[in-house]
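Under mature numbering (1 follows the signal peptide of the UniProt record, and there is no 0), the letters of the sequence shown match residues -19 to -1, 1 to 667, in that order.
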Amino acid sequence: MGVKLCCLLLYFLALFVLARVFEAVAWYESGFLATQLVDPVALSFRKLRTILECRGLGHSGLPEKKDVRELVEKSGDLMEGELYSALKEEEASESVSSTNFSGEMHFYELVEDTKDGIWLVQVIANDRSPLVGKVHWEKMVKKVSRFGIRTGTFNCSSDPRYCRRRGWLKSTLIMSVPQTSTSKGKVMLKEYSGRKIEVEHIFKWITAHAASRIKTIYNSEHLKEEWNKSDQYHVKIYLFADLDQPPAFFSALSVKFTGRVEFIFVNMENWDNKSYMAEIGVYKTPSYILRTPEGIYRYGNNTGEFISLRAMDSFLRSLQPEVNDLFVLSLVLVNLMAWMDLFITQGATIKRFVVLISTLGTYNSLLIISWLPVLGFLQLPYLDSFYEYSLKLFRYSNTTTLASWVRADWMFYSSHPALFLSTYLGHGLLIDYFEKKRRRNNNTDEVNANNLEWLSSLWDWYTSYLFHPIASFQHFPFDSDWDEDPDLFLERLAFPDLWLHPLIPTDYIKNLPMWRFKCLGVHSDEEMLETFQDSESDSDSENKEVFSSEKEVSEDDDLNTFHSRSEGEPRCGAETCSCANKYCHHEPYERKARSYGSYSTVGDMEPDWSAWPSDMLHCTECVVCLENFANGCLLMGLPCGHVFHQNCIVMWLAGGRHCCPVCRWASYKKKQPYTHPQPLSSDAPS
């Protein structure tokens, strides 16, 4: 997860740098920046009308360009970025969908139960034509959708009883607006009573009802009283303007942020004394002033702070977010991080998508599970102070210049999803390239695996876990012949206990102790050879019965061991130590210890026991290959204390026999350490 998080942070940094590059290119080609102010006098009549429509101001009674320009100036400063966005939005001929209600329950669920939005519904009575024609209705839907107003059509023929109960006996328009200023309050339905069925008149009726929810101030005394009042709202946004009513985007935001932000409109058309405005820090109109417990913030001075619904919505969401906003943000970030697995994972294509699906399921499940206690804690009353401090931190951090850049980049990339996806894909391909190069340098074979090979390995892994339960569920391991003879599967189905053997990973083998066998003295080759032959002839009859059972158990394994062992690792040879036979000093294994160490030769050389780990039993031969330890050969010990050639015991364990060849103690389980008694140098083998 840490690697994917770092990759995601690098991607966000690349997006930030790329946005600055686009700004530099735009400035080089056109000579202006997105935050640069535009003089409305230099704009055409069509562009001015486009700006008014995006801000939600009516201009049907303004035929002159001068009047339209003055209305634009009264509603707020115009920036190059806002002009560019408005023109692009006008050129885009996207069709906006409208809901068709199927009956009373559908209407109640979407309209009357929606507490933080505005609905415009056209009701078509039985055997009547609609109030607004199809062409005008499409224009109306496109116009009001800019301000987050949802639209729908209710045909009374689908539910005539509900229309009669509501009194909808003729075709009309219904508008739903939250009735109170509290979050999740009641909704009131208003019916259009105008005579003119035109888009501009209907839009003016909608904006008038939406603006009635905003508190309006008409004089300085009322402003002073409101400015110094402390109530439940910690965040208030004031609009100081010479307008008869606030713009439609301002009214729509007041509905969307009901219960979180209070919207106040200061109508300054008939003000004579404006001295109090200088006292509170307002020196020009129009102005959008955000008042918080931390101070005053002038909206429109930083990057991306346009006079539009989308820009102010992202600004207010960052200052006063809901829990749902934070959940959606975390959901997007977690899924972006999970999709990085598609590029980090190397190997077959099917493997990449299998790992991706697994990661998506895991991350989303963990996200939902982690959010459940958070939602429970937020309901506790004694966490109100924590919630307030968190909002204070949000307000401090999101009124900085860096936060304004991030919001501007978010609006830019969200309006260009193709660019966002292409940059994400390019970033992923770069990660894939460097990860593949790193693994090739490490000689990893999975880079070149194809789909068939990976599916085969996946099936092997699945059958291993299907037919071999996890080792931790068993008290001790059993010998399994499934790997050697798959034909036994059908026979073993009748006896499940015979084939339910544990699957044990072999990672523990590299943690077993290893050391070199050394002797305290060195004899000549002829003397050692003579001693070895004498010892072999004298002890052959003595050890024949002792080793008979051991040879039967490991007969097949010994053949494989001799053929597959490494040629460069000596086990026994010309320099075989003629060490005194030292039996294992562990009393519970006294009988096995005699056979374990009795294959040594008798001589006057002594093994260097100081090089052995303290918990290993002293012996001079390997019972796997039945050969003595050579001077300098590599040994390996098991947790039970028995010692073998390193090559021999590794081949034994890797073949699935995870136990000691001598005592059958599990090779992956620790055993209580045993302390050796100090042997005497004159001890003779018994």
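Where is the CB? At the ideal position from N, CA and C, for every residue including glycine.
Give me, in chain order, the residues of the same chain whose beta-carbon lies closer than 6 angstroms to that of residue i; leave out the 5 immediate sequence neighbours on both sides.
i, result
"Ile630", "Met617"
"residue 668", "It is not possible to answer for residue 668, since the shown part of the chain is limited to -19 through 667."
"Cys(-13)", "Met321 and Ile412"
"His215", "Pro274"
"Glu243", "Tyr214 and Lys217"
"Gly(-18)", "none"
"Tyr143", "Glu85"
"Lys652", "Pro620 and Cys621"
Just mark residue i as buried or exposed, buried being the case when its beta carbon has 16 or more other beta carbons within 10 Å.
i, result
"Val122", "buried"
"Val313", "exposed"
"Leu(-15)", "exposed"
"Asp225", "exposed"
"Phe26", "exposed"
"Met169", "exposed"
"Leu374", "exposed"
"Pro141", "exposed"
"Asp464", "Residue confidence for Asp464 is low, a pLDDT of 44 falling below 50, so the modelled location carries little weight; the figure read from the coordinates is stated next. Looking at its Cβ environment, which holds fewer than 16 other Cβ atoms inside 10 Å, Asp464 is exposed."
"Phe498", "buried"
"Ile105", "buried"
"Lys525", "Only weak support is given to the placement of Lys525: the predicted model assigns it a pLDDT of 40, under 50, and the value that follows is read from those uncertain coordinates. When all chains shown are included, Lys525 counts as exposed."
"Cys558", "At Cys558, the pLDDT of 43 sits below 50, so the modelled position is not reliable and the matter cannot be decided from this model."
"His408", "buried"
"Glu202", "exposed"
"Leu(-7)", "exposed"
"His599", "buried"
"Asp462", "Because Asp462 carries a pLDDT of 42, less than 50, the predicted location of this residue cannot be relied on, and no value is offered for it."
"Thr487", "exposed"
"Thr330", "exposed"
"Phe88", "buried"
"Val116", "exposed"
Does the separation of the CB atoms of residue i and residue j fall below 9 angstroms?
i, j, result
"Phe231", "Met249", "no"
"Phe(-4)", "Phe82", "no"
"Ile178", "Tyr219", "no"
"Thr404", "Tyr65", "no"
"Ile412", "Met321", "yes"
"Gly129", "Ala233", "yes"
"Ile288", "Ile277", "no"
"Pro228", "Leu38", "yes"
"Thr239", "Arg376", "no"
"Leu300", "Thr382", "no"
"Glu71", "Glu10", "no"
"Lys55", "Leu29", "no"
"Leu14", "Glu61", "yes"
"Leu356", "Tyr368", "no"
"Thr31", "Ala67", "yes"
"Arg388", "Gly262", "no"
"Glu587", "Leu501", "yes"
According to DSSP, residue i sits in a beta bridge with which residue or residues?
i, result
"Trp100", "Arg131 and Ser157"
"Ser66", "DSSP output for Ser66 lists no bridge partner at all."
"Asn248", "Ala222"
"Val168", "Pro159"
"Asn136", "Ile105"
"Ile277", "Arg272"
"Pro588", "Cys500"
"Ala384", "DSSP, once it has assigned bridges, lists no residue as partnering Ala384."
"His203", "Answer is none; His203 lacks a bridge partner."
"His626", "Leu616"
Can you find the residues in the same chain that come closer than 8 angstroms, C-beta to C-beta, to residue i, ignoring five residues on each side of it along the sequence?
i, result
"Asn316", "Leu341, Tyr344 and Asn345"
"Leu337", "Ala319, Trp320, Asp322, Leu323 and Thr326"
"Val534", "Here the model assigns Val534 a pLDDT of 37, short of 50, so the residue's position is not dependable, and the following value carries that caveat. These residues qualify, in order along the chain: Pro642."
If you drop the 5 nearest sequence neighbours on each side, which residues of the same chain put their C-beta closer than 7 angstroms to that of residue i?
i, result
"Asp390", "Leu(-5), Phe(-4) and Ala(-1)"
"Leu348", "Ser311, Leu312 and Val315"
"Tyr570", "For Tyr570, the predicted structure reports a pLDDT of 38, less than 50, and the residue's modelled location is therefore unreliable. A value from the coordinates is still provided. The residues are Cys644."
"Lys491", "none"
"Lys650", "Pro620"
"Ser378", "Ala384"
Between residue i and the ligand COA, is the CB less than 8 angstroms from at least one heavy atom?
i, result
"Phe26", "For the ligand COA, the structure offers nothing, since it holds no ligand at all."
Quick test of the definition: if touching needs 3 or more C-beta pairs under 8 angstroms, does the stretch 142 to 154 touch the stretch 101 to 119? With the cut-off at 8 angstroms, the stretch 142 to 154 and the stretch 101 to 119 touch.
Does the stretch 608 to 615 come within contact of the stretch 589 to 599, defined as at least 3 CB pairs closer than 8 angstroms? Flag = no, the stretch 608 to 615 and the stretch 589 to 599 do not touch.
Quick test of the definition: if touching needs 3 or more C-beta pairs under 8 angstroms, does the stretch 85 to 94 touch the stretch 186 to 204? Touching, no.
Is the number of C-beta pairs between the stretch 189 to 201 and the stretch 250 to 257 that are closer than 8 angstroms three or more? Touching, per the Cβ criterion.
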